[in-house]
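I have placed the structure first, in the form of structure tokens, so that the comments after it can refer back to it.
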Amino acid sequence: MLNKQIEKLWEEVREVSLGREIPQLKTPPTPLELLREYISPNKPCIISNSINHWPALSLWSSTPYLLTTLSSSPSVSLHLTPSGLADSLTPLSLQTPPPLCFASAHVDQLPFDKALSEVQESVKNKKVGYLQQQNDCFRSEYRGLEGDIEGDVPWASEAFGCLPEAVNIWVGNELSETSFHKDHYENMYAVVCGEKHFLLLPPTDVHRMYIRDYPAAQYRYSQDTGEFRLELEDPVRYVPWCSVNPYPSEMEKEKAVAEFPLYFNGPKPFEVTVKAGQMLYLPSMWFHHVRQTPDSRGLTVAINYWYDMKFDIKYAYFNFLQSLHWYSPKNSAFSHVRREDVFQGLRKYLEEEDLDISESSLEH
Ligand SMILES: O=C(O)CCC(=O)C(=O)O
């Protein structure tokens, strides 16, 4: 039973390395400082005054500028969901227990002006648009804006010893939220318009995220009916995803705390707001949850640079830690009981939908 030792690790990491607040740097660090103080110890920081020279900081707050500059560009990827939560856990049906799936957004390719209108006309619990695509979309779909930012973050590229693998843009408003997850990339995340609010947990806190396998599903939006349908992938594909929603409604709060006590009763996540003109160094494998506050015209715009991470000893330690089981007594409100529930609900759903999925895939 390693629970006590794992809990000690959460505390010790904060005591010896992370502290209680994310460091705020007034100017960009030298490559050596970034490497020594932040990348090597896998420690986030917020950096001010590092992108003041980007023309984007003044230009992109003008919607007419964006529309004109991107008017002859190829189409851009628009993510549509009913709730603003893409890549997040969603009930597949109204059954009890509700079978949860990992729901990805409906993705449309549209000219920028049409896609931006969809974001601006988003309606909560009906249709929410988020302009994003994590495939280097800035350098392909938004080429027209390339001169407004730098192709890389020079002091970071020097510290990482490489150029960014991908540059992505995120254009949304307060209705879009990104659920807790981690990436196998080093991330330099710059906010250009509005604010982004991050909750951060170090990789050592992996047990507090209740990562479980969920069947993948896809939202499909119909222009004809104006409705979304959630379709389970066939054959079933499982996605390991964090189970914790850090902001449950008042009604759901008690249940959430009972289901995920390690998250809600453990050390508080680091909370940081990245303002327009600031950059967050988000180290590889850190769990992050992202919300946003738009600027006065109603948009948040951010750019992130993904650099390859080093699959070094930290990665090996993380995998080892994740392989250790958190012991939960049988019949407790969380742990295996809930996992079973997830599959019980799914089994019922598949039967009702007459989907032929083998029992063995459900034992996954
Ligand atoms: O800005 C967002 O909504 C999410 C950003 C994110 O998850 C990332 O850069 O890895």
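Taking this note's numbering, the leading residue of the sequence shown gets -17, the next gets one more, and so forth. A virtual CB, placed ideally from N, CA and C, is assigned to each residue, including glycine.
What is the DSSP secondary structure of H351, reduced to helix, strand or coil?
Residue 351 cannot be examined here, being either before or after the span of the chain that is shown, -17 to 346.
According to the neighbour-count rule (16 or more other Cβ atoms, all chains shown, within 10 Å of its Cβ), is Q115 buried or exposed?
Taking the first residue of the sequence shown as 1, we reach residue 115 at position 133. Label assigned to Q115: buried.
Enumerate in chain order the residues of its own chain whose CB-to-CB distance from N247 is below 8 Å, with the five nearest sequence positions on each side excluded.
Numbered from 1 along the sequence shown, position 265 holds the residue referred to as residue 247. These residues qualify, in order along the chain: V239.
Is the beta carbon of A284 closer than 8 Å to that of Y171?
Here residue 171 corresponds to residue number 189 of the sequence shown, with the count starting at 1. Here residue 284 corresponds to residue number 302 of the sequence shown, with the count starting at 1. Against a cut-off of 8 Å, the Cβ pair of A284 and Y171 comes out as a contact.
Quick one: residues in its chain with C-beta nearer than 8 Å to the C-beta of R(-4), no 5 flanking neighbours on either side, listed in chain order?
Position 14 of the sequence shown, counting from 1, holds the residue named residue -4. R2 and P249, listed in sequence order.
Judging by CA-CA distance, which residue of L16, S158, W(-8) and Q102 is the nearest neighbour of T357?
Shown here, the chain extends from -17 to 346; a query on residue 357 therefore has no answer.
In whole angstroms, what is the alpha-carbon distance linking E147 and P136?
For the purposes of this step, residue 147 is identified with residue 165 of the sequence shown, where counting begins at 1. For the purposes of this step, residue 136 is identified with residue 154 of the sequence shown, where counting begins at 1. Each residue's alpha carbon lies about 14 Å from the other.
Helix, strand or coil for H318? Go by DSSP, reduced to three states.
Position 336 of the sequence shown holds residue 318. Bear in mind that a pLDDT of 40 at H318, under 50, signals an unreliable position, so the number given afterwards is only what the model happens to contain. Helix at H318.
Please name the residue in L303, Q91 and E334 whose C-alpha comes closest to that of W(-8).
Translated into the one-based positions of the sequence shown, residue -8 becomes position 10. Minimum Cα distance to W(-8) is reached at L303.
What's the call for A199, buried or exposed, on a 16-neighbour Cβ count within 10 Å?
Along the sequence shown, read from residue 1 onward, the residue named residue 199 stands at position 217. Of the residues assessed, A199 falls on the buried side of the cut-off, its CB having 16 or more other CB atoms within 10 angstroms.
The stretch 75 to 89 contacting the stretch 121 to 134, beta-carbon criterion three pairs below 8 Å
The stretch 75 to 89 is not in contact with the stretch 121 to 134.
My output table needs one value for E168: the three-state DSSP class, helix, strand or coil.
The residue labelled residue 168 in the question sits at position 186 within the sequence shown. Shown here, E168 sits in a strand according to DSSP, grouped into three states.
Who does K257 pair with in a DSSP beta bridge?
Position 275 of the sequence shown, counted from the start, is the residue given in the question as residue 257. Bridge partners of K257: E177.
Which of helix, strand or coil does DSSP assign to P(-10)?
In the sequence shown, counting from the first residue as 1, residue -10 sits at position 8. A quick correction: the sequence has Lys, not Pro, at residue -10. Three-state DSSP puts K(-10) in a helix.
The stretch 50 to 69 touching the stretch 179 to 193, judged by at least three CB pairs closer than 8 Å
At 8 Å Cβ cutoff, the stretches do not touch.
From the DSSP output, read off the bridge partner residues of R211.
Here residue 211 corresponds to residue number 229 of the sequence shown, with the count starting at 1. Answer is R202, bridged to R211.
Give me the Cα-Cα distance between H35 and P10, rounded to the nearest whole angstrom.
Here the question's residue 35 lines up with position 53 in the sequence shown. Here the question's residue 10 lines up with position 28 in the sequence shown. So the alpha carbons of these two residues sit roughly 13 Å apart.
If we ignore side chains and look at the alpha-carbon of each, how far apart do N155 and E177 end up?
Here residue 155 refers to the residue found at position 173 of the sequence shown. Here residue 177 refers to the residue found at position 195 of the sequence shown. Rounded to whole angstroms, N155 to E177 spans 10 Å at the Cα level.
Since L113 and V153 should fall inside the 8 Å C-beta cutoff, what is the C-beta to C-beta distance between them, to a whole number of angstroms?
As a position in the sequence shown, residue 113 is number 131, starting the count at 1. As a position in the sequence shown, residue 153 is number 171, starting the count at 1. Taking a contact as a CB-CB distance under 8 Å, the pair L113 and V153 counts as one, their CB atoms being some 4 Å apart.
Can you list, in chain order, the residues of its chain whose CB lies under 7 Å from that of V174, leaving out five sequence neighbours each side?
On the sequence shown, position 192 is the one that residue 174 refers to. Shown here for V174: same chain residues with a beta carbon closer than 7 Å to its own, the five before and five after excluded, namely A38, L39, W42, A258, V283, A284 and I285 in chain order.
Determine, using beta carbons only, whether S347 and F242 come nearer to each other than 8 Å.
In the structure displayed, the chain extends from -17 to 346; residue 347 sits before or after that span and is not available.
How big is the Cα-Cα spacing for S70 and M233?
Residue mapping note: residue 70 aligns to position 88 of the sequence shown, counting from 1. Residue mapping note: residue 233 aligns to position 251 of the sequence shown, counting from 1. Looking at the two C-alpha atoms, the distance is approximately 20 Å.
Helix, strand or coil for W42? Go by DSSP, reduced to three states.
Taking the sequence shown and counting its residues from 1, the one referred to as residue 42 is at position 60. Three-state result, W42: coil.
On the criterion of 16 or more Cβ atoms from any shown chain inside 10 Å, does C83 qualify as buried, or is it exposed?
Here the question's residue 83 lines up with position 101 in the sequence shown. Flag for C83 reads buried.
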